[in-house]
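Under this note's numbering, the first residue of the sequence shown carries the number 757, and numbering increases by one thereafter.
Okay, structure first, notes after.
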Amino acid sequence: MARKILFITTDQQRYDTLGCNGGTLASTPVVDQLARTGVRFERAHPQSVVCMPSRSTMLTGQYPSTHGVWMNGVPLPVAAPSVASVLNQVGYRTALIGKAHFQPFLDPFLRFEENAMSQGSASPLLGLYRGFEHMESAAHGPVGPFHYSRWLLENHPEVIGGFYSVLNSSFDVNSEGDGDTGAPQVHVNPVPKELYHTDWVADRTISWLNTLGNDEDWFCWMSFPDPHHPWDPPQSEVARINWKDVPLPNGYIESQSQREAILDDKPRHWRAWYDGTLISNYEAPSSWVPATLTADQVREVNARNAVECELIDEAIGRVITSLIEKGCYDDVDIIFTTDHGELQGDFGLLFKGPYHVDGLMRLPLIWRPAPSAGIRPSTVTKPVGLLDLAPTFCQIAGVSPQSWMEGKALPISDEDATNRDFSCVLTEWDSELFGVNVHLRTIMADQWVCTTYQPGTSHDGSEGELYDIVQDPLQHHNRWGDPSLTSIRDGLVDRIWESLPRHPGKRRILQAPV
């Protein structure tokens, strides 16, 4: 009997939302305890800072340029490599419960298998789906082709109207907000806590785990849709954190003149988005101008985001309690992470996009190995990536990593990381939206984060960003043009191209905006 695997992901969660990572706003005792008894990673970066490419990397262990999902709306082929398939083939029971998003969400005609499955049972219609024998899907609300949506419609239709409408009548991303400050996508939601998707994902996970015998090995991906916008947690829970008492985050620059000077020192698309003249990510409302964001709106967004993080932590606690009650907890490896971060007020911005700074790139990642494995708690400061997850799952299961995986099993200490050359991590971005195309490649190595831009709508290919994260952790001072750092910059850029896949996969077709 091998070790069992509970893989927990959230959506769009910052590194600093956890107490174990220095967060002070949300109370996260369950995940903090996993960190104390496991391996906590200081520098985990995604290979893309947007949902579909990043989630496809988790599943395949490949860079976006290899698996081909280069932006949201580009579907990952059903036949693409999958670590779940590898595990299922060696006898693991497999399930994915919650948000998948390997294929586009906007799919009114159910062209994609992932969405068509919600019309049937929780078991995939054609046997396994990407190696998962059981799948129950959810997204950020009650609309769309998901099991959670159908469950609400069939059992609790009275609560559906209380959720935020993500799209407006023109099918544009909604920019309205009806909280106290008018912050975009902040919403008063009367849904009872027990009917909200966070508790639903935990409930369905517990239900599936209870069908398994303790002698069975299993891989369960429990995927929470929060704390991704819209920020509409159950209103009964909002009083946990009074937004008026929330301090402004360190990354928010209160002085308008200072904020705009810092943005002007970055490549052109930063200031263009701030001024509302360029949109490069569909999920950022096109009618909203970031320059209008107020300090109180930042406080209210951060408060509701923290409430969502607390609800997730409590839901994870219920699942862990169920594992303890089953008597299998000591043989379960638990890995917690997210797909990408959220700007959440940094630089006067919200949401995400082609902005490779810590708010989006630095992720929470915690691995609590099964106690039976005898791995000592530690903190790893060397850089790792989400493409290292798939080989880690294989290692836990006693299976050799597959040849198509481009990462390495996660290190269990800095010594292990050094011995196995975890010295850098790479992040890609490609997008083409509303006639705007942006292309970034980033490396994090030593004390530097370096981003080079390829030619696009706003860039001629000479631009870039270079930050010393020791001296400038908030990444306010772009050193790209500093003549004293030319050799460091050029060396890092060369290392980007040397480290990325030499033979990228087929460029796949964009089929939906998200």
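Ideal Cβ positions, reconstructed from N, Cα and C, are used throughout, including at glycine.
All of these numbers come straight from a predicted model, not from anything done at the bench.
Expected contact under 8 Å - CB spacing of residue i and residue j to nearest Å
i            : j            : result
residue 987  : residue 1061 : 6 Å
residue 798  : residue 1135 : 6 Å
residue 1066 : residue 996  : 6 Å
residue 855  : residue 767  : 6 Å
residue 1121 : residue 840  : Actually they do not touch by this definition, with Cβ atoms about 19 Å apart.
residue 868  : residue 880  : Incorrect: roughly 13 Å between the Cβ atoms, too far for contact.
residue 1034 : residue 1187 : No, residue 1034 and residue 1187 are not in contact; Cβ-Cβ is about 11 Å, not under 8 Å.
residue 1090 : residue 790  : 6 Å
residue 1088 : residue 759  : 7 Å
residue 962  : residue 1078 : 5 Å
Exposure label - residue i; buried when at least 16 CB within 10 Å
i            : result
residue 970  : exposed
residue 712  : Because the chain here runs from 757 to 1270, residue 712 falls outside it and cannot be looked at.
residue 910  : exposed
residue 1057 : buried
residue 1132 : exposed
residue 1218 : exposed
residue 715  : One cannot answer for residue 715 here, as it falls past the ends of the chain, which runs 757 to 1270.
residue 1141 : buried
residue 858  : buried
residue 1053 : buried
residue 908  : buried
residue 1253 : exposed
residue 777  : buried
residue 1173 : buried
residue 1107 : buried
residue 1265 : exposed
residue 875  : exposed
residue 1112 : buried
residue 1036 : buried
residue 818  : buried
residue 1006 : exposed
residue 934  : exposed
residue 865  : exposed
residue 1075 : buried
residue 1176 : exposed
residue 1258 : exposed
residue 836  : buried
residue 1010 : exposed
residue 1128 : exposed
residue 1227 : exposed
residue 1203 : exposed
residue 847  : exposed
Residue nearest to residue i in terms of C-alpha spacing, selected from the options
i            : options                   : result
residue 946  : 1232, 959, 917 and 922    : 917
residue 1161 : 792, 782 and 816          : 816
residue 1041 : 1077, 893, 926 and 1063   : 926
residue 769  : 1094, 1112, 1250 and 860  : 1094
residue 922  : 867, 874, 984 and 885     : 984
residue 849  : 1019, 1240, 1242 and 975  : 975
residue 792  : 774, 806, 872 and 803     : 774
residue 1081 : 1138, 1024, 912 and 965   : 965
residue 1268 : 1088, 1026, 1039 and 1113 : 1039
residue 1102 : 893, 977 and 1229         : 1229
residue 1237 : 1220, 811 and 894         : 1220
residue 1158 : 805, 1170, 1099 and 1145  : 1145
residue 834  : 804, 806, 805 and 871     : 871
residue 936  : 1055, 1045, 982 and 860   : 1055
residue 973  : 1115, 1152, 1167 and 1166 : 1152
residue 902  : 942, 1250, 886 and 873    : 873
residue 981  : 1202, 1192 and 895        : 895
residue 943  : 1031, 951, 860 and 932    : 932
residue 1085 : 823, 1126 and 810         : 1126
residue 1222 : 1207, 1138, 897 and 1178  : 1207
residue 1003 : 1240, 780 and 763         : 780
residue 1069 : 1255, 1049, 979 and 892   : 979
residue 1064 : 1014, 1024 and 992        : 992
residue 924  : 941, 915 and 906          : 941
residue 808  : 1104, 860, 913 and 821    : 860
residue 803  : 1022, 905, 892 and 1143   : 1143
Residues that residue i bridges to, as DSSP identifies them
i            : result
residue 861  : Partner(s): none; residue 861 has no beta bridge.
residue 1206 : 1199 and 1222
residue 885  : 888
residue 796  : 1122 and 1135
residue 851  : 890 and 976
residue 1271 : This structure cannot speak to residue 1271, because the chain is shown only from 757 to 1270.
residue 1244 : Partner(s): none; residue 1244 has no beta bridge.
residue 1141 : 801
Do three or more CB pairs link the segment 772–792 to the segment 817–836 at distances below 8 Å? no
Meets three-Cβ-pair contact criterion under 8 Å: the segment 1193–1201 and the segment 1173–1182: Because the criterion of three Cβ pairs below 8 Å is met, the segment 1193–1201 and the segment 1173–1182 touch.
Between the segment 1014–1026 and the segment 1229–1247, can you find at least three pairs of beta-carbon atoms closer than 8 Å? yes
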